[in-house]
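In the working numbering, the protein residues as written are 21 to 257. We put the CB at the ideal spot given by N, CA and C, even for glycine.
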């Protein structure tokens, strides 16, 4: 009907799974939202995985927070043959209205669309998948904020855009940032993104409100493989 302003497809897998996005022309909870879709050609089935839902941080999931958020934004860019989808969505703390105002900031996300996976239907912020834990369980979070994931290949390597900060203070205050493109590689010894260390236990992100216990092992899901490259505004596969 007249509620949709535009739709477009971006990628198709060898198993005939199409991903794309749609934009609303009317307000949902004071936001003209963008939502990504998944279309299964063989089964003539369409779904909107993050329709009126937000991506939760590890901290929010462990707290049992609800993912419901009418008018939440999500935009997909790529899918690999394992069914992992990457894109960007409203940042974890972005809950304000945006219609006629400033847009919400975005962070890169990973979504599992593999129906045979134990994590099917789950989504994660990529910022929560790049932390490490040493043998003593001390969690370290790198000084990067990953804003958008543009490409994912079949071995799980992800090309992302974001910001690099020089100090903890710059990171926390979001000042003196350098715009970068990064290549992230998957740690194949970690079976699920849920097994990554809880970044919110790091000194950089610890809120002091309460202690959060992570589940799973100490392995990280994605690792910054390359040094930052000159930021590029358009990608070609």
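Exercise for the section: Note down the Cα distance separating residue 181 from residue 243, rounded to an integer number of angstroms. Expected result: In a straight line, the C-alpha of residue 181 is about 14 Å away from that of residue 243.
Problem - From 24, 39 and 82, residue whose alpha carbon lies closest to that of residue 106 - result: For residue 106, the nearest C-alpha among the options comes from 39.
Exercise for the section: Flag this pair as yes or no: are the beta carbons of residue 57 and residue 41 separated by less than 9 Å? Expected result: Going by C-beta atoms, residue 57 is nearer than 9 Å to residue 41.
Exercise for the section: Taking only the alpha-carbon atoms, compute the straight-line gap between residue 86 and residue 72 and give it to the nearest angstrom. Expected result: Rounded to the nearest angstrom, the two C-alpha atoms are 11 Å apart.
Practice task
Please check the pair residue 129 and residue 104, which I expect to be a contact at CB under 8 Å, by giving their CB distance rounded to whole angstroms.
Solution key: Wrong, their Cβ atoms sit about 11 Å apart, outside the cutoff.
Exercise for the section: Indicate the three-state DSSP secondary structure (helix, strand or coil) for residue 26 in the structure shown. Expected result: Residue state, collapsed to three classes: strand.
Practice task
Note down the Cα distance separating residue 84 from residue 148, rounded to an integer number of angstroms.
Solution key: CA-CA distance, residue 84 to residue 148, rounds to 17 Å.
Handout entry: Extent of the continuous beta strand (DSSP E) run through residue 192
Key = Premise fails: residue 192 lies in the alpha helix (DSSP H), 188-193, not in any beta strand (DSSP E).
Problem - Distance between residue 212 and residue 33 (C-alpha atoms, nearest Å) - result: Rounded to the nearest angstrom, the two C-alpha atoms are 21 Å apart.
Problem - Nonlocal neighbours in the same chain, by C-beta distance under 7 Å from residue 110, ignoring five residues either side - result: Cβ contact annotation for residue 110 (same chain, cutoff 7 Å, sequence separation greater than five): 74, 92, 93, 124 and 126, in chain order.
Handout entry: Reference residue 167, options 63, 159, 178 and 160, closest by Cα
Key = Measuring from the Cα of residue 167, the nearest candidate turns out to be 178.
Problem - Distance CB(residue 30)-CB(residue 218) smaller than 9 Å - result: 9 Å or more divides the Cβ of residue 30 from the Cβ of residue 218.
Practice task
Provide the residue(s) that pair with residue 144 in DSSP beta bridges, ordered along the chain.
Solution key: Partner(s): 130.
Practice task
Take residue 214 as the anchor and find which of 156, 185, 135 and 151 has the nearest alpha-carbon.
Solution key: Measuring from the Cα of residue 214, the nearest candidate turns out to be 151.
Practice task
Can you tell me which of the three DSSP states residue 41 falls into?
Solution key: Looking at residue 41 - three-state DSSP - the assignment turns out to be strand.
Practice task
Run the CB neighbour count on residue 28, radius 10 Å, all protein chains shown included, and call it buried at 16 or more, exposed below.
Solution key: Residue environment for residue 28: exposed (fewer than 16 other C-beta atoms within 10 angstroms of its C-beta).
Handout entry: Reduced DSSP category for residue 35 - H, G, I as helix; E, B as strand; rest coil
Key = Reduced to three states, the DSSP call for residue 35 is coil.
Exercise for the section: List the endpoints of the continuous beta strand (DSSP E) containing residue 65. Expected result: First-last of the beta strand (DSSP E) with residue 65: 65-67.
Exercise for the section: Count the C-beta pairs between the stretch 183-190 and the stretch 156-173 that are closer than 8 Å, then say yes if the count reaches three, no if not. Expected result: The stretch 183-190 vs the stretch 156-173: in contact.
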